[in-house]
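Protein chains in written order, with my numbering: chain A, 531 to 797; chain B, 2 to 664; chain C, 68 to 362; chain D, 178 to 322.
Glycine included, C-beta positions come from ideal geometry on N, C-alpha and C.
A quick write-up on the structure given underneath.
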């Protein structure tokens, strides 16, 4: 933690970055995002094992961009989101200084996308064991059981869109949900509207989701919706090989094709 | 409130027999937005069309639905009728009551219900149609012909004769291509130089043709009518304007032992050379790999010999960018090197040669002045065996397709050999003789009957050397597959015709498709053989598939006609059914967030970038922009776009949504 | 490295030296051969004359046994066995109904997982080890004789080029030999007519031996016991046919490689040959030969 | 007695191949069941997965999505992109419990009139057997479509 603070103080003092996005101690041990803009307030930065939130979402917000060049305290998920955002041209290569903090607290400065790629190559990361176990359980169920499972879960959705705003890949100014001519997705948070919204979001994240699980954590009513986007991403990985958040060069599976893609259900 | 007219057609009794047209027309009157609805026996007839026009004028309709046959049949007819009545043609839609309803269902209520639903679907769609104007695209009236063989020369001359500018691009130092290497040409045995050289000179001298030899296309961008081509003009190390082509430098050059590509490795040339005596342009080229001035920095014999001081050692390659409106691909072919299958001994034994090398031996300007001699010891061969289908029509050996010209040039080779050495024995191993052109079969019969060439129907399994003779082991299938062994002095392999070197890279540079063998893919094998799927790029000659000279010249004329037709109009009009990225007022400028996931989805590379900068030039936003000239309206980008920023005219999101909701 | 091994009847009978040399060479390149348990005759050239199902069942049973023993690949040095096993595997893979029939016949599970390799394929795979172990280079001009079963039918056997195979030439060049280009690389030696029509074998074999001798090859190298016996055992008939004493020896590829790797002649079974294996002084080294050395 | 259940089938087809194939079914007068309603699109590449959602939301019991065979696409790669989209959407529907048996993806060329008729009949019979898609339609009752 100390190394992080000294690094942040040094960067802010030299003016290399104008803001350091990191975690600070919230109430009852919770870690919440904080935006350190002066060398003195770098003391607020903390780092421990439950700094797991994905801060990359803030990088595309205009309010944060206005501060100037940011440095970001980056766990694995943040680094993967960084690469995917660079690939989708939402971030310039050198617009962000990533401070990768490994489990043991060692801070490594990663100024360029290539550096991030190499760093990630040694410690890729992915779904947590608990989520993996849930996915396995769902896969065992029959179709009808999965339908009832998701209907009972999505019933609780109140369309607060917390999942959308917490997801770093949901940076679209005008989302499909905001379309009303035509009204692609029914607006009210009833069963149909919820099913359509979450199906659309999963499909829009297929091949782009870095599986950080932030949307699941952000959901106020505790629906495991991160399983949907993670499943869509794994479907793309299994069938086409691409993996979101591994390369800074765009390799969007649904934007490309191979003449010999194998499938067995088209007649 | 929209004012839509519905016109239900009986199509004689094709529709009327199973669909109650009056009922459908009556039901349509109740649909919201429909102000006029009637049915008629033949809507596509003159009275039918005038009914529509009359209704448009009288009722002030702003949308028309014709419920009749398939739109693939009469959509243009009804859209023209509608536009003659002053309504934008893209506000007229057709409901397919014939192929998709009356012809395929029994005469029941559900069929009439289905017919009503189909009309209702189009009514909902028409309400969301927008008036569209055809896209106007300017055209640069200059053509670029890539390839200086007979195909390229013919295409260039035909286009230039229609008073259009042409740039004729050729990779090697001279025009002529493979035809210049031939001795005589079938079926008339007239010498290829005599019929080609005049055309080469005419192309070089034509006021409308700019000749660029020893140059290659580096990069191409743009679209039909508005291509921008970057051409790399390789340095000849000689100033073309000063050089008179006297040839003194050629005699003085000390480096003599370089294998001559034009003579297919049978002759030698010098470091400074002209490919063949009748080369056009007649300016020599310095081969910097072998010229000792460039290798050891000491020899300037040619500089001293040159009367007009035209040698420029320090000359560098130039990159020239030209604007062109259309491109004709005439890059020709190459003969397959057959060392891939050692069983024929090509490469192991010097006296086993391929078709082009035999042409050089038979050619008067060739290394042996037209006398057929064995490359190994220069003796005149008494027995020559010709192998047809050496690599063609056999997936294991080389390629699956038939190379079309080998049967004819093999018969010609055998005939030329018998004319030059009447006592010599010529054998031809063949599978089937394909001589389908004009006077072709008579030519082959002449070779067999008058010149005594012995044709053996069977394939050769292996050739090996024994006591100085080449033993050709084959089978004669007409005599019950009896094994045949011929002791030959020389063997000529008619190997496969393949796309020229670098053709696949060129295809990638200009985004033209290739087939599995690397030949350019034509737009439609039967109906559009000289066009490609990329608008504005045309094909001529063997680059599209193996082809002989008569067909090549005919196809070159065809490609030229397409270019001249394109250039006959000032502006190019295209169906306005193209995609468009929406625009919003500032500060958003567009729903597009510039992720460009759609860019790779477009098969026509029609999606480019548009940037918005604030007053002092700082980049504010980058957005996608679709080039209406290139977009063909497939809509893949529309479905790929997450923010629904792109929409397709004619099949917009609103229209499709309305259709679904009308069911 | 562990690999299945199917010697077949001839390698335990008339071609014992082929078996000994294969085992010796494999031991030298530390490739352990594990014989297929309770293997049976592969039906060679006689089975498919009698009954088609028998011709499939015999090899299928061998493959099934190999499968049961958990082997992935089996080496079948004899060209006839290799051909039978390979074509059976291909036929059963293409025709599930027939496979079911055969499985019922042999009463053993058969999935077709086990791959069949001939001796050249295996040796080619370990060429670098053979090169490393070469002690006295096999400096002779050799005529590589492939016969017809090793490379045909091409789409089933899928090994080398059927008309002009090069794999044995490459192997021998690795140990310093100079393979010559000659007429009868893949000509038939008369195969199983050896007993019924010995005159045919004398004629066909004679052509092969004569051509190799005329191009002054020091030895004919083969990879099939049938060819070896026709060119070696039937040499008296060949000599009578050619009215000339032909002394050119007929070696197995594994014997030639064995000699190059310094394995003594006795362990390679050279003493079992009918035409005595007397290789002349390796003349390539002494005189500056006109055709250049293979690097 | 209530009318026997007749499934409502919606079809999204590409203009150059399957629509033309359906035309050929018509010109060859091959009969098939009238439950289907065809929506024409320029290419399968244009078919957004949300169209299928809206079709179900509009009470369709079965959906057919069909276009040109791979390598036949008039726009050269529209169907390839569509295939990848369907592969992922098919997977996701299965994961979310949407009844995949009611959605049929196929390639029908402009020359396969008989295949189109057979496909429509087969799908209509299959969906008739599955009965109305009450699971999904119950949601419509709950929400304003």
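Per DSSP, which one or two residues make a beta bridge with residue 424 of chain B?
As a first step, residue 424 of chain B is located in the second chain; it is residue number 423 there, counting from the start. Paired residue(s): none; residue 424 of chain B is not in a bridge.
Counting only beta-carbon separations shorter than 9 angstroms, does residue 699 of chain A have a partner in chain D?
For the purposes of this step, residue 699 of chain A is identified with residue 169 of the first chain, where counting begins at 1. Answer no: the Cβ-Cβ gap between residue 699 of chain A and chain D never drops below 9 angstroms.
I'd like to confirm the pairing. Which residues does DSSP put opposite residue 458 of chain B in its beta bridges?
What you label residue 458 of chain B is simply residue 457 of the second chain in a count that begins at 1. Residue 458 of chain B is bridged to B/431.
Reducing DSSP to helix, strand and coil, say where residue 369 of chain B ends up.
As a working mapping, residue 369 of chain B is identified with position 368 in the second chain. In the structure shown, residue 369 of chain B sits in coil (DSSP, three-state: anything other than H, G, I, E or B).
On the premise that residue 69 of chain C lies in contact with residue 101 of chain C, defined as a C-beta separation below 8 angstroms, what is that separation, rounded to the nearest angstrom?
As a first step, residue 101 of chain C must be located in the third chain, where it is residue number 34. As a first step, residue 69 of chain C must be located in the third chain, where it is residue number 2. Correct: roughly 6 angstroms between the Cβ atoms.
Pick helix, strand or coil for residue 515 of chain B, following the three-state DSSP scheme.
As a working mapping, residue 515 of chain B is identified with position 514 in the second chain. Residue state, collapsed to three classes: strand.
Report yes if the C-beta distance between residue 261 of chain D and residue 741 of chain A is below 9 angstroms; otherwise report no.
The count along the fourth chain starts at 1 and reaches residue 261 of chain D at position 84. The count along the first chain starts at 1 and reaches residue 741 of chain A at position 211. In this structure, residue 741 of chain A does not lie closer than 9 angstroms to residue 261 of chain D by Cβ.
Can you look up residue 322 of chain D in the DSSP assignment and give me helix, strand or coil?
Here residue 322 of chain D is taken as the residue at index 145 of the fourth chain, counted from 1. In this prediction, residue 322 of chain D has a pLDDT of 43, which is less than 50 and means its spatial position is unreliable; nothing more can be read from the coordinates.
Please confirm if the stretch 686-696 of chain A is in contact with the stretch 569-578 of chain A, defined as three or more CB-CB distances below 8 angstroms between the two stretches.
They do not touch, by the three-pair rule.
CB-CB under 7 angstroms to residue 23 of chain B, same chain, minus the five flanking residues each way: which ones, in chain order?
Position 22 of the second chain, counted from the start, is the residue given in the question as residue 23 of chain B. Closer than 7 angstroms at the Cβ level, and outside the excluded window around residue 23 of chain B, lie 40.
Between C/158, C/154, C/264, C/330, which has its C-alpha nearest residue 226 of chain C's C-alpha?
To locate residue 226 of chain C, count along the third chain from 1; it is residue 159. With distances taken between Cα atoms, residue 226 of chain C lies closest to C/154.
Comparing the C-beta of residue 394 of chain B with each C-beta of chain C, is any distance below 9 angstroms?
Along the second chain, one-based indexing puts residue 394 of chain B at 393. So, not an interface residue.
Would you say residue 239 of chain D and residue 316 of chain D are within 9 angstroms of each other, going by their C-beta atoms?
Reading the fourth chain from its first residue, position 62 is the one you call residue 239 of chain D. Reading the fourth chain from its first residue, position 139 is the one you call residue 316 of chain D. Contact flag unset, no.
Look at residue 26 of chain B and residue 58 of chain B and say whether their C-beta atoms are less than 9 angstroms apart.
Position 25 of the second chain, counted from the first residue, corresponds to residue 26 of chain B. Position 57 of the second chain, counted from the first residue, corresponds to residue 58 of chain B. No, the Cβ-Cβ distance between residue 26 of chain B and residue 58 of chain B is not below 9 angstroms.
If we count the other Cβ atoms within 10 Å of its Cβ and call it buried at 16 or more, is residue 413 of chain B buried or exposed?
Residue 413 of chain B sits at position 412 when you count from the first residue of the second chain. By the 10 Å Cβ count, residue 413 of chain B comes out buried.
Report yes or no: is there a C-beta of chain C within less than 9 angstroms of the C-beta of residue 483 of chain B?
Stepping through the second chain from its first residue, residue 483 of chain B is reached at position 482. It does not; no Cβ of chain C falls within 9 angstroms.
List, in order along the chain, the chain A residues whose C-beta lies closer than 8 angstroms to that of residue 234 of chain D?
Position 57 of the fourth chain, counting from 1, holds the residue named residue 234 of chain D. Residues of chain A passing the Cβ test: 716, 722, 726.
Closest to residue 733 of chain A by C-alpha separation, out of A/722, A/763, A/708, A/752, would be which residue?
Within the first chain, the letter at position 203 stands for residue 733 of chain A. Nearest option by C-alpha distance: A/763.
Starting from residue 573 of chain A, follow the beta strand (DSSP E) in both directions and report where the run begins and ends.
Residue numbering aside, residue 573 of chain A sits at position 43 when the first chain is read from its first letter. Note, residue 573 of chain A: premise wrong, no beta strand (DSSP E); not H, not E.
Can you confirm whether residue 250 of chain C, when its beta carbon is compared against all beta carbons of chain B, has any partner nearer than 9 angstroms?
As a working mapping, residue 250 of chain C is identified with position 183 in the third chain. Yes, residue 250 of chain C lies at the interface with chain B (some Cβ there is under 9 angstroms from its Cβ).
Just the chain B side, please: which residues come within less than 7 angstroms of residue 254 of chain D by C-beta, in chain order?
Within the fourth chain, residue 254 of chain D is the residue found at index 77, counting from 1. Simply 604.
If the criterion is Cβ atoms closer than 9 angstroms, does the pair residue 284 of chain B and residue 271 of chain B meet it?
Walking along the second chain from the start, residue 284 of chain B turns up at place 283. Walking along the second chain from the start, residue 271 of chain B turns up at place 270. Taking 9 angstroms as the Cβ cut-off, residue 284 of chain B and residue 271 of chain B do not qualify as a contacting pair.
Using a C-beta to C-beta distance shorter than 8 angstroms, which residues of chain C count as neighbours of residue 465 of chain B?
Position 464 of the second chain holds residue 465 of chain B. Ordered by position in chain C, the residues that pass the 8 angstroms Cβ test against residue 465 of chain B are 248, 249, 250.
Mind checking residue 451 of chain B: buried by the 16 CB within 10 Å criterion, or exposed?
The sequence position of residue 451 of chain B within the second chain is 450, counting from 1. With fewer than 16 Cβ atoms within 10 Å of its Cβ, residue 451 of chain B is classed as exposed.
What did DSSP end up calling residue 196 of chain D once you bin it into helix, strand or coil?
What you label residue 196 of chain D is simply residue 19 of the fourth chain in a count that begins at 1. It is helical.
Do we get a CB-CB distance below 9 angstroms when we pair residue 773 of chain A with the residues of chain D?
Your numbering for residue 773 of chain A matches position 243 in the first chain. Not one chain D Cβ lies under 9 angstroms of residue 773 of chain A.
Return no unless some Cβ of chain D is closer than 9 angstroms to the Cβ of residue 691 of chain A.
Here residue 691 of chain A corresponds to residue number 161 of the first chain, with the count starting at 1. Closer than 9 angstroms: no.
Measure the alpha-carbon distance for residue 137 of chain B versus residue 49 of chain B and round it to whole angstroms.
Counting from one through the second chain, the residue named residue 137 of chain B turns up at place 136. Counting from one through the second chain, the residue named residue 49 of chain B turns up at place 48. Distance between the alpha carbons of residue 137 of chain B and residue 49 of chain B is about 32 angstroms.
Inspect the beta-carbon positions of residue 290 of chain C and residue 186 of chain C and report whether they are closer than 9 angstroms.
Here residue 290 of chain C corresponds to residue number 223 of the third chain, with the count starting at 1. Here residue 186 of chain C corresponds to residue number 119 of the third chain, with the count starting at 1. Yes, they are a contact pair.
Using beta-carbon positions only, say whether residue 144 of chain C and residue 85 of chain C come within less than 9 angstroms of one another.
Here residue 144 of chain C refers to the residue found at position 77 of the third chain. Here residue 85 of chain C refers to the residue found at position 18 of the third chain. Yes, Cβ-Cβ distance for residue 144 of chain C and residue 85 of chain C is below 9 angstroms.
Given that residue 643 of chain B touches chain A, what residues does it touch there, using C-beta distances under 7 angstroms?
Looking up residue 643 of chain B in the second chain gives position 642. Within chain A, the residues near residue 643 of chain B are 702, 706, 734.
With DSSP as the reference, label residue 245 of chain D as helix, strand or coil.
Numbered from its first residue, the fourth chain carries residue 245 of chain D at position 68. Coil.
Between residue 217 of chain D and chain A, is any beta-carbon pair separated by less than 9 angstroms?
Here residue 217 of chain D refers to the residue found at position 40 of the fourth chain. Closer than 9 angstroms: no.
Note down, in chain order, every chain B residue with its Cβ under 8 angstroms from the Cβ of residue 237 of chain C.
For the purposes of this step, residue 237 of chain C is taken as residue 170 along the third chain, with counting starting at 1. Within chain B, no residue comes near residue 237 of chain C; the closest Cβ sits about 12 angstroms away, beyond 8 angstroms.
Buried or exposed: which applies to residue 369 of chain D, given that a residue is buried once 16 or more other Cβ atoms fall within 10 Å of its Cβ?
For residue 369 of chain D there is no data in the structure shown, the boundaries of chain D being 178 and 322.
Quick check on residue 430 of chain B: buried or exposed, where buried means 16 or more other Cβ atoms within 10 Å of its Cβ?
Mapped onto the second chain, residue 430 of chain B falls at position 429. Answer is buried; the Cβ neighbour count reaches 16.
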